[in-house]
Every structure is written in structure tokens, then in C-alpha cells.
Amino acid sequence: MKRTLVVLLVLIVAAGWLGTLIAEDPGYVLITYGDHTVQTGLWVFLALLLTLVTSGYYVIGGIKWLLGTGSILQRWRAGLKHTKSIQLTDKGMVFLQQGAWERAEKFLVAGAIHSPTPSQNYISAAKAADAQNHIENRERYFRLALEASPKAEGAVALARAETNLARGEWRKTLVNLEQAGQNKITLGLRKQALLQLRDWQGLADVMPELRKHADDEASQLMFEKQVARQRLASPNNTDESLEIIYNRLPEVLRRDPEIVLDYCQYVRDDKQTEAVIRSTIKHQWDDQLAVMYGQSAKAMLTKRIKTAEGWQKNHPDNWALNACLGQLYEGNGEKDRAKVAYNKSLQMQPSVLAHERLAKLLAFDGEYAKSSDHLRQALKITQSSHQPSHHRQK
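Pasting the structure below:
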């Protein structure tokens with residue numbers, strides 16, 4: 061309040077002083093231009109000059125405001141178009157999820173015009189076109205996506221791979237995935253394509269990455285086991301390649317009885333199979349591995365007999381171990397011990413192997429009736445349980 065009074069007082073004093081100056085000496089201003097002359101009082105001229113400057117200031121301000129209004133209008137219109145683009149894109153994505161391919165394509169393309177990310181619209185539109193078998197439209201949208209954003213090359217390659225996979229074009233899927241980078245999604249697509257191609261070596265090559273990105277370790281391990289068994293069964297394998305495949309497996313699979321059985325079935329080197337089976341049984345007993353241990357070359361008989369007899373301490377009444385010993389004794393020419401072992405095995409659990417091997421020994425001794433009876437029992441078991449033959453294929 062006091063400050064306002066002071067200001068008013070100063071203004072009154074200044075106005076009085078200025079009025080006194082004007083009254084004492086009004087002065088004059090003379091302006092000539094060619095034949096024209098203008099004369100006015102000094103204070104009138106100053107008042108006109110002040111009015112002109114003030115008017116100019118406001119005119120310039122008005123012009124700037126008008127220009128600014130145009131820019132604001134442009135931004136407002138751009139905002140409306142952006143909002144409309146988002147709405148069209150949202151509708152297009154909904155139709156895409158619902159499988160309304162034609163409507164999805166229409167809305168996605170319309171929404172791409174003013175979209176800040178048109179490449180995404182075109183990629184989704186390409187998927188909708190592909191679902192309608194409109195190949196030309198699909199390829200055109202992929203090209204538009206790349207033109208809109210050259211950095212979308214990876215996303216376009218991924219979308220191409222997805223459409224290839226949906227059409228069963230497995231090799232094209234793999235080609236496009238090469239340009240799509242490597243992540244969890246591309247690995248999943250690669251896995252599907254390689255499975256369809258039964259490319260077990262290709263799957264083995266990407267297995268470390270699949271293992272790294274696996275959500276379920278148990279499922280991943282089962283998948284690795286499936287691939288490993290297929291690779292071991294390849295007819296093109298040699299003992300060297302089989303050993304490489306086996307040794308590169310995770311330890312838990314190297315001790316898996318089914319993997320070991322497969323490996324030993326195809327490897328021709330009995331020293332290799334003997335060592336692998338013995339090592340596996342040391343950690344985990346398995347009847348089928350024990351039976352396979354009895355199928356050996358003569359060069360390994362002494363060592364195998366000693367090892368198998370050592371297992372009797374922990375597995376004295378095991379049918380598979382007695383069947384194993386029967387085979388080893390038979391191979392070593394100890395036929396009486398072999399017959400005893402086979403009979404013990406049959407008392408514990410009837411098996412095709414023990415019946416067939418015992419039938420052979422009895423026939424050799426001339427006991428044809430007993431031999432025939434064991435063969436009938438073996439056939440009966442085979443027909444009722446589909447128990448596999450004991451012969452090892454090498």
C-alpha cells in the first residue's frame with residue numbers, strides 16, 4: 061500500500077515538472093523533404109513518436125501471434141491424425157487376433173499412413189495378407205515396412221520366417237532366421253523348423269543356446285535326449301563320431317541308461333562299450349545294461365566275468381545279472397555254469413533271453429524235449445509282452 065502511494069506521488073511530481081517544461085518552452089521540430097516542410101511542437105512530435113513505437117510493437121506482436129496460431133493449428137491437426145492412426149491400428153490388431161484377416165489388413169494399412177511406427181503396421185498387414193494367401197500384398201507390405209524403417213530389417217526377417225513356418229516352408233524359415241538375429245523367439249522358430257526337417261545335427265548345433273533360454277530344464281533335458289538318440293541312430297556314424305556325440309552330451313545324459321544302451325548298440329569297439337556300461341552301472345544299476353554287458357567279444361570275457369561276479373555282492377538275486385553271467389560263462393566255454401546262471405535268472409524273472417540261450421545249450425546236450433519247451437516259453441513271452449530279442453545288433 062505504501063509503495064503504491066509513493067509511486068503515485070512520483071508520477072504526480074513528474075507530470076507537474078513535465079507540464080512546467082512544456083509551458084516554459086514548447087520547442088519545435090522542423091522536417092523537410094524536397095519541397096515539403098512539416099513543423100510541429102517538440103512535445104507533440106515526441107508524443108507521436110511514442111505512439112508510433114507502441115503501435116509498431118503491438119503490430120509485430122500480433123503478426124507473431126497469427127503465425128504461432130498457424131503452427132498450433134498444424135500441431136492440432138497432426139495430433140488428430142496421430143490419434144486416428146492409433147485407433148485404426150488398434151482395430152486392425154484386434155481383427156488380426158480374431159482371424160478377421162481382410163478387415164485387419166484394411167485397418168492396419170490405413171493406420172500406417174500417420175503412424176509414428178508404420179513398419180509395425182505393414183508387418184502385421186503382411187501377416188494378414190499371408191493368411192489370405194495374398195502373396196503379392198504380403199511382399200509389398202514387407203517392402204513398405206523396410207522403406208518406412210530400414211532398421212526394421214530384423215523384424216521383417218522374423219515375420220517372413222513366421223509366415224514360412226506357418227506354410228511348412230522349413231528351409232525358407234531357416235534362411236530368413238539367419239537375418240533375424242538370435243533370441244528366444246528366433247531360437248524357438250529354428251527349433252521347430254529343424255525338427256520338421258529331422259536335422260538332428262542342426263539341432264545339436266543350437267542346443268547350447270536352447271539350453272540357455274530354456275524355461276523348463278526337465279523338458280529341455282528330455283528334448284536333448286530325443287535329439288541325442290536320433291543322432292546316435294544315424295547309419296552314417298562311425299565309432300569315432302559316436303564317441304564324439306556321446307562325450308559332448310551333458311553328464312546326466314551320459315549316464316542315462318537309454319542313451320548308454322543306444323551308444324553301446326551301435327559302437328563296434330567292445331572295449332568302449334565295456335568301459336561305458338561298467339561306469340554307468342557303478343553310478344546307477346540298470347537291468348538292460350547288465351544284460352548288454354554279457355554280450356561281449358572273447359577278448360573281454362575274463363575282465364567282464366570278474367566285474368559281473370563282483371556285482372553279485374549288491375545284486376545277488378537279480379535276473380538280469382544272472383542272465384549276464386550266463387552269457388559270459390557260455391562265451392567262455394563254461395556251459396554248465398551258464399545253464400545254472402540261466403536257470404537262476406528264469407526263477408527270478410522269465411525272459412526271452414534266458415529261455416532261448418538255455419534252449420540252445422540243452423539242444424547241444426541232446427535234451428531236445430527240454431530245449432523245445434524253453435523255446436515255446438520264449439515264444440509265449442514274446443507274443444504276450446513283445447519282449448525284445450536279446451541279440452545285440454552290430
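Residues are numbered in my numbering as their position in the sequence shown, beginning at 1, plus a constant of 60. Where a beta carbon is used, it is the ideal one built from N, C-alpha and C, also for glycine. Computed from a prediction, not measured in an experiment: that's the story for all the values here.
Straight-line gap, residue i to residue j (C-alpha atoms, nearest Å)
{"i": "D433", "j": "A398", "result": "18 Å"}
{"i": "A293", "j": "D316", "result": "16 Å"}
{"i": "A186", "j": "S279", "result": "34 Å"}
{"i": "L218", "j": "K166", "result": "22 Å"}
{"i": "L439", "j": "G228", "result": "45 Å"}
{"i": "Q348", "j": "D377", "result": "15 Å"}
{"i": "V216", "j": "Q147", "result": "23 Å"}
{"i": "G171", "j": "L156", "result": "14 Å"}
{"i": "P210", "j": "R328", "result": "56 Å"}
{"i": "Y389", "j": "T362", "result": "10 Å"}
{"i": "M408", "j": "A380", "result": "9 Å"}
{"i": "Q325", "j": "T298", "result": "12 Å"}
{"i": "T416", "j": "V336", "result": "The sequence given here places Glu at residue 416; Thr does not occur at that position. Going by the C-alpha atoms only, they are around 27 Å apart."}
{"i": "I245", "j": "E269", "result": "12 Å"}
{"i": "L413", "j": "P295", "result": "26 Å"}
{"i": "K62", "j": "L68", "result": "10 Å"}
{"i": "H451", "j": "K395", "result": "At H451, the pLDDT of 47 sits below 50, so the modelled position is not reliable and the matter cannot be decided from this model."}
{"i": "V70", "j": "T143", "result": "57 Å"}
{"i": "G426", "j": "L435", "result": "15 Å"}
{"i": "H96", "j": "L65", "result": "48 Å"}
{"i": "Y306", "j": "H343", "result": "17 Å"}
{"i": "Y117", "j": "T80", "result": "30 Å"}
{"i": "R163", "j": "R308", "result": "51 Å"}
{"i": "Y323", "j": "M352", "result": "11 Å"}
{"i": "T111", "j": "G121", "result": "15 Å"}
{"i": "S445", "j": "D259", "result": "33 Å"}
{"i": "Q453", "j": "D276", "result": "Its pLDDT being 45, under 50, Q453 is placed unreliably in this model, and the value from its coordinates should be taken loosely. Approximately 35 Å, taken between the alpha carbons."}
{"i": "R364", "j": "F283", "result": "33 Å"}
{"i": "Q372", "j": "T340", "result": "16 Å"}
{"i": "N374", "j": "Y428", "result": "36 Å"}
{"i": "I91", "j": "V113", "result": "19 Å"}
{"i": "W345", "j": "G214", "result": "50 Å"}
{"i": "Q437", "j": "I319", "result": "30 Å"}
{"i": "S145", "j": "R220", "result": "25 Å"}
{"i": "Q158", "j": "K151", "result": "11 Å"}
{"i": "Q443", "j": "L281", "result": "34 Å"}
When the options are compared against residue i, the one with the closest alpha-carbon
{"i": "V266", "options": "Q286, Q242, Y182, A212", "result": "Q242"}
{"i": "L418", "options": "N382, Q157, P176, T177", "result": "N382"}
{"i": "K366", "options": "R308, K166, R338, N236", "result": "R338"}
{"i": "G262", "options": "V119, L254, I183", "result": "L254"}
{"i": "W161", "options": "V216, W345, S184", "result": "S184"}
{"i": "E334", "options": "P317, G354, R315", "result": "G354"}
{"i": "K404", "options": "C384, L422, Q348", "result": "C384"}
{"i": "W4", "options": "Q252, T246, G214", "result": "No statement about residue 4 is possible, as the shown extent of the chain runs from 61 to 454 and does not include it."}
{"i": "K272", "options": "R291, R258, G248, V287", "result": "G248"}
{"i": "L140", "options": "G121, L168, M153, I173", "result": "I173"}
{"i": "L168", "options": "G159, M153, T223, A274", "result": "M153"}
{"i": "S301", "options": "T64, A288, A191", "result": "A288"}
{"i": "A240", "options": "W371, A212, L257", "result": "A212"}
{"i": "L225", "options": "G214, R200, L257", "result": "L257"}
{"i": "L406", "options": "Q286, I441, H343", "result": "I441"}
{"i": "M360", "options": "D330, R220, V119, Y117", "result": "D330"}
{"i": "L421", "options": "G393, Q437, S445, H343", "result": "G393"}
{"i": "E222", "options": "Y201, R250, S444", "result": "R250"}
{"i": "T149", "options": "Y182, R220, G159, R137", "result": "Y182"}
Beta-carbon gap between residue i and residue j smaller than 8 Å
{"i": "A401", "j": "G391", "result": "no"}
{"i": "S411", "j": "A423", "result": "no"}
{"i": "Q332", "j": "E303", "result": "yes"}
{"i": "A274", "j": "R291", "result": "no"}
{"i": "L321", "j": "K285", "result": "no"}
{"i": "Y201", "j": "A191", "result": "no"}
Residue-chain proximity (residue i, chain B), Cβ-Cβ < 8 Å
{"i": "D275", "result": "The displayed structure is made up of one protein chain only, and chain B is not part of it."}
beta-carbon residue i near the ligand NAD non-hydrogen atom, thresh 7 Å
{"i": "H343", "result": "Of ligands this structure carries none, so the ligand NAD is not represented either."}
Quick one: any contact between the stretch 229–248 and the stretch 200–208, if contact means 3 or more CB pairs under 8 Å? no
Determine contact between the stretch 187–197 and the stretch 172–179, defined as no fewer than three beta-carbon pairs at a distance below 8 Å. By the criterion of at least three beta-carbon pairs nearer than 8 Å, the stretch 187–197 is not in contact with the stretch 172–179.
Where in the stretch 132–207 do unbroken runs of the alpha helix (DSSP H), each at least 4 residues long, occur, reported from the N-terminal end onward? Inside the stretch 132–207, DSSP marks whole alpha helix (DSSP H) runs of 4 or more residues at positions 161–172, 178–191, from first to last along the chain.
In chain order, which alpha helix (DSSP H) runs of at least 4 residues are fully inside the stretch 393–430? 395–408, 412–424
Mind pulling the alpha helix (DSSP H) runs of 4 or more residues that sit fully within the stretch 231–301? The stretch 231–301 contains these whole alpha helix (DSSP H) runs: 244–257, 260–272, 277–292.
For a minimum of 4 consecutive residues, which ranges assigned as the alpha helix (DSSP H) are wholly contained in the stretch 299–375? Runs of the alpha helix (DSSP H) inside the stretch 299–375: 299–307, 311–314, 317–326, 330–343, 347–353, 361–371.
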